[in-house]
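Chemist: Structure below; questions to follow.
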Amino acid sequence: MRSYPGPVKLIRRSQDEMITTGRPDELHTNRGNYLLLALLRHRYPNLVCQASLDALREFLAKRKTAEVQHYLTELGVSETECEDQLRQYYSARTAADQPYPSRIGDGLSNSGKRNLLVFLASKMLVNMEATHCAPLKPELFTPPWSDVSLVSGGGGARRRRRRRRRAVAAAKAATATPPGSVLELEHLGDLSNASEMFLLCDQ
Numbered sequence: 083m084r085s086y087p088g089p090v091k092l093i094r095r096s097q098d099e100m101i102t103t104g105r106p107d108e109l110h111t112n113r114g115n116y117l118l119l120a121l122l123r124h125r126y127p128n129l130v131c132q133a134s135l136d137a138l139r140e141f142l143a144k145r146k147t148a149e150v151q152h153y154l155t156e157l158g159v160s161e162t163e164c165e166d167q168l169r170q171y172y173s174a175r176t177a178a179d180q181p182y183p184s185r186i187g188d189g190l191s192n193s194g195k196r197n198l199l200v201f202l203a204s205k206m207l208v209n210m211e212a213t214h215c216a217p218l219k220p221e222l223f224t225p226p227w228s229d230v231s232l233v234s235g236g237g238g239a240r241r242r243r244r245r246r247r248r249a250v251a252a253a254k255a256a257t258a259t260p261p262g263s264v265l266e267l268e269h270l271g272d273l274s275n276a277s278e279m280f281l282l283c284d285q
């Protein structure tokens, strides 16, 4: 995944009894959380501090949309402010800069790092109230949110939308596989050139 620079959406079954190290209702032990943590650490190393990690772990223990929204409000996370910070950062990048690892976070306070990291996690992670073998709902396969695309536009954006539609169609077709089966991603080839990635936290 470190070689893949595109948008990612993780779909987490919130009652999964197979990939938790505790009871199924102990969402903080879901192994998908560690995948998200590793991805965020790699992509946004300057946002990682003890305050942001503590808040992120608390966020990952939330299962319902209302709980998540309440927690974001409690922290003072503003979508507008976070997107403005990201837009400002990416607007200043040059064409030679790689999107990740990002340098965003330099000069931010610990609370600023915390809010931005939790905001990014909230955009990457989607919960589905289901156990391990329940088929994923096709409507969950919407195009992943992308921080880099906040400053993109024009024909490039249209091409990305077309690629996203193809990726969504392929992902929806994948839900027809038998429950609990492993989705093979080998056909994507070099992930550095892939347009989207959906990660099903069920392995």
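For what it's worth, the working numbering labels the leading residue of the sequence shown as 83, then goes sequentially.
All C-beta atoms in this analysis are idealised placements derived from N, C-alpha and C, irrespective of residue type, glycine included.
With DSSP as the reference, identify every bridge partner of residue 209, one or two as the case may be.
Modeler: Here the question's residue 209 lines up with position 127 in the sequence shown. Paired residue(s): 94.
Chemist: Please state the DSSP three-state secondary structure of residue 87.
Modeler: Taking the first residue of the sequence shown as position 1, residue 87 is located at position 5. Correct three-state label for residue 87: coil.
Chemist: Quick one: what's got a C-beta closer than 7 Å to residue 226's C-beta in the same chain, skipping five residues either side?
Modeler: Residue 226 sits at position 144 when you count from the first residue of the sequence shown. Excluding positions up to five away in sequence, the list reads 89, 90, 91, 278.
Chemist: What would DSSP say about residue 286, mapped onto helix, strand or coil?
Modeler: For the chain, the structure presents residues 83 to 285; residue 286 sits outside this window and is missing.
Chemist: If the criterion is Cβ atoms closer than 8 Å, does the pair residue 199 and residue 145 meet it?
Modeler: Here residue 199 is taken as the residue at index 117 of the sequence shown, counted from 1. Here residue 145 is taken as the residue at index 63 of the sequence shown, counted from 1. No. Outside cutoff.
Chemist: Buried or exposed for residue 94, going by 16 or more other Cβ atoms inside 10 Å?
Modeler: Counting from one through the sequence shown, the residue named residue 94 turns up at place 12. The residue in question, residue 94, is buried, as its Cβ has 16 or more Cβ neighbours within 10 Å.
Chemist: Which residues in the same chain as residue 228 place their Cβ atom closer than 6 Å to its Cβ, once the five residues preceding and following it in sequence are excluded?
Modeler: Taking the sequence shown and counting its residues from 1, the one referred to as residue 228 is at position 146. Once the five neighbours on either side are set aside, the close Cβ partners of residue 228 are 89.
Chemist: For residue 112, which residues does DSSP report across the bridge?
Modeler: In the sequence shown, counting from the first residue as 1, residue 112 sits at position 30. For residue 112, which the question treats as bridged, DSSP gives the partners 102.
Chemist: On the three-pair Cβ rule with 8 Å, is the segment 169 to 189 touching the segment 119 to 128?
Modeler: Yes, the segment 169 to 189 touches the segment 119 to 128.
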